[in-house]
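Colleague: Protein chains in written order, with the numbering used here: chain R, 273 to 415; chain X, 872 to 1026.
Just so you know, even glycine gets a beta-carbon here, dropped at the ideal spot from N, CA and C.
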Amino acid sequence: MSNQVFWEEVEVGREIPALVKKPTPQQLVKWAGASGDFYQIHYDKDFALGNNLPGIIVHGALKSAWLGQLLGDWVGLKGFVKKFKCDFRGMDVPGDTLTCRGVVTKKYMEGPERLVELDIWMENGQGEKTTPGSALVALPGKN
Amino acid sequence: MAQDSIITDEMRAAVGVESEPSVFEIEREPIRRWAESIGDPNPLYRDEEYARKQGYDSIIAPPAFMAQYAFPVKSGRLSRALAGGPFTRNLNGGTEYEFFKPIQAGDVITATSKLVDVYERKGRLGPMLFRIRETTYKNQEGEVVMKFRGTGISY
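(1) Taking Cβ positions only, does residue 383 of chain R come closer than 7 Å to chain X?
(2) Kindly indicate which residue of X:970, X:985, X:924 has the alpha-carbon position closest to the one of residue 1005 of chain X.
(3) Is it right to say residue 925 of chain X is buried, meaning 16 or more other beta carbons lie within 10 angstroms of its own, or is it exposed?
(4) Which residue wins for smallest C-alpha separation from residue 1016 of chain X, given the options X:1007, X:1022, X:1023, X:1024?
(5) For residue 359 of chain R, go through chain X and note every residue whose CB falls closer than 9 Å to its CB, in chain order.
(6) With a threshold of 8 Å on Cβ separation, who are the neighbours of residue 300 of chain R within its own chain once the five nearest residues in sequence on each side are excluded?
(7) Considering only the alpha carbon of each residue, which of X:917, X:1000, X:894, X:908 lies closest to residue 297 of chain R?
(8) Check the Cβ-Cβ distances between residue 908 of chain X and every residue of chain R, and say whether any is below 7 Å.
(9) Tell me, to the nearest whole angstrom, how far the beta carbon of residue 292 of chain R is from that of residue 346 of chain R; I am working on the premise that it is less than 8 Å.
(10) Who does residue 291 of chain R pair with in a DSSP beta bridge?
(11) What are the start and end residues of the alpha helix (DSSP H) that includes residue 339 of chain R?
(12) Going by beta-carbon coordinates alone, are residue 955 of chain X and residue 1022 of chain X separated by less than 7 Å?
(13) Mind checking whether residue 976 of chain X and residue 940 of chain X have CB atoms under 7 Å apart?
(14) Under the rule that 16 or more other beta-carbon atoms within 10 Å means buried, what is residue 990 of chain X, buried or exposed?
(15) Quick check on DSSP: helix, strand or coil for residue 909 of chain X?
(16) Return the residue from the list X:889, X:928, X:921, X:883 that minimises the CA-CA distance to residue 897 of chain X.
(17) What does residue 969 of chain X reach in chain R if we use C-beta pairs closer than 8 Å?
(18) Can you name the residues that DSSP bridges to residue 351 of chain R?
(19) Quick one: does residue 976 of chain X have its CB under 7 Å from some CB of chain R?
(20) Between residue 957 of chain X and chain R, is there a C-beta pair that is closer than 7 Å?
(21) Return yes when the Cβ of residue 290 of chain R is within less than 7 Å of the Cβ of residue 361 of chain R, no when it is not.
(22) So with Cβ pairs under 7 Å, would you call residue 333 of chain R a contact of chain B?
(23) To which residues of the same chain is residue 903 of chain X closer than 6 Å at the C-beta, ignoring the five residues directly before and after it?
(24) I'd like to know whether the C-beta atoms of residue 350 of chain R and residue 409 of chain R end up nearer to each other than 7 Å.
(25) I believe residue 308 of chain R touches residue 376 of chain R by the beta-carbon criterion, under 8 Å. Please report the beta-carbon distance rounded to the nearest angstrom.
(26) So with CB distances below 7 Å, who are the chain R contacts of residue 911 of chain X?
(27) Along chain R, which residues have their Cβ under 9 Å away from the Cβ of residue 904 of chain X?
(28) Check whether the Cβ of residue 960 of chain X lies closer than 7 Å to any Cβ atom in chain R.
(29) Does any C-beta atom of chain R lie closer than 7 Å to the C-beta of residue 878 of chain X?
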């Protein structure tokens, strides 16, 4: 938050600072409580196995929230996250180390807005991209 | 309707129909609890004095916060179209957010949803039903503050 990024400094192809998460089953319960998503696949192992899942899995919405944090941290107080999306292609499980990453793909102006597009994703402990996505943010200019 | 299609007439009829609005009062403690649960220490989501210094009226909601209010509460028809079908297992296939203005504690947000697409695929888990839902959020000034698009997979 203390180092504001400015549009002029951004380089296409550069990676933004990564965000590492190590969810525990307890964190998934906290998330369920905070978000109201009480689907049992996220905390009840028998239920998850009965749904043909490998075990309890991380909520997709929680992964998207982490990608939101990745972007929010990068754009800083003067930037604005305009859009982002992600697909939940692979399942993620508590106990694994999950890393959110992003790479700048485009940088341009649209009217007065200074915009940056990024590929964003979350990868699991084996480096597999379970949650690919993209984002559009607005950054401040250095006056 | 094709012989082995799982898409019901009710689902098809619900496509494009907007739900009744649901109203949500955005409050500080739920925002703090949510930020805590994802492990985001950003003081914009926790410290009111800090948020006010940045020009906000109160703490603001993290980007994905409103998605928990994406499920339409009041529309029976839409709820049935989203929950109906022969498959009892569900997965979240993907999510898309568009932000127009920050949402602050103290805002009163009105959400309306609609089913925008429904289709079936065969995948790793067998036959799957995809339902794409969009929710539009407006604040108390009637401004659109956020849009959400979610893919639900039933199998």
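Modeller: Put simply:
(1) Closer than 7 Å: no.
(2) Comparing C-alpha distances from residue 1005 of chain X to each of X:970, X:985, X:924 shows the shortest one belongs to X:985.
(3) Residue 925 of chain X comes out exposed.
(4) Distance from the Cα of residue 1016 of chain X is smallest, within the candidate group X:1007, X:1022, X:1023, X:1024, for X:1007.
(5) Correct list: 964, 965, 966, 1022.
(6) Here the set comprises 314, 315, 328, 330, 331, 334, 366.
(7) Of the candidates X:917, X:1000, X:894, X:908, the one whose C-alpha sits nearest the C-alpha of residue 297 of chain R is X:908.
(8) For residue 908 of chain X, the nearest beta carbon of chain R is closer than 7 Å to its own beta carbon.
(9) Contact annotation, residue 292 of chain R with residue 346 of chain R: C-beta distance approximately 15 Å; criterion of less than 8 Å not satisfied.
(10) DSSP lists R:372 as partners of residue 291 of chain R.
(11) Per DSSP, residue 339 of chain R belongs to the alpha helix (DSSP H) from 332-347.
(12) Result no, Cβ atoms of residue 955 of chain X and residue 1022 of chain X do not sit closer than 7 Å.
(13) It is not a contact, given that the beta carbons lie outside the stated cut-off.
(14) Note on residue 990 of chain X: under 16 other CB atoms within 10 angstroms of its CB, so exposed under the neighbour-count rule.
(15) Collapsing the DSSP output to three states places residue 909 of chain X in a helix.
(16) Among X:889, X:928, X:921, X:883, the Cα nearest to that of residue 897 of chain X is on X:928.
(17) Listed along chain R, the residues sitting closer than 8 Å to residue 969 of chain X by beta-carbon distance are 354, 355.
(18) Paired residue(s): none; residue 351 of chain R is not in a bridge.
(19) Taking Cβ atoms only, chain R never reaches closer than 7 Å to residue 976 of chain X, which makes this a no.
(20) No, residue 957 of chain X lies away from the interface with chain R (no Cβ there is under 7 Å from its Cβ).
(21) Cβ atoms of residue 361 of chain R and residue 290 of chain R: not closer than 7 Å.
(22) Although the question refers to chain B, the structure presented lacks it and instead comprises the protein chains R and X.
(23) Cβ neighbours of residue 903 of chain X beyond the five flanking positions: 917.
(24) Contact: no.
(25) So it is not a contact: roughly 34 Å between Cβ atoms.
(26) Within chain R, the residues near residue 911 of chain X are 341.
(27) Residues of chain R passing the Cβ test: 302, 305, 306.
(28) Closer than 7 Å: yes.
(29) Cβ-Cβ to chain R under 7 Å: no for residue 878 of chain X.
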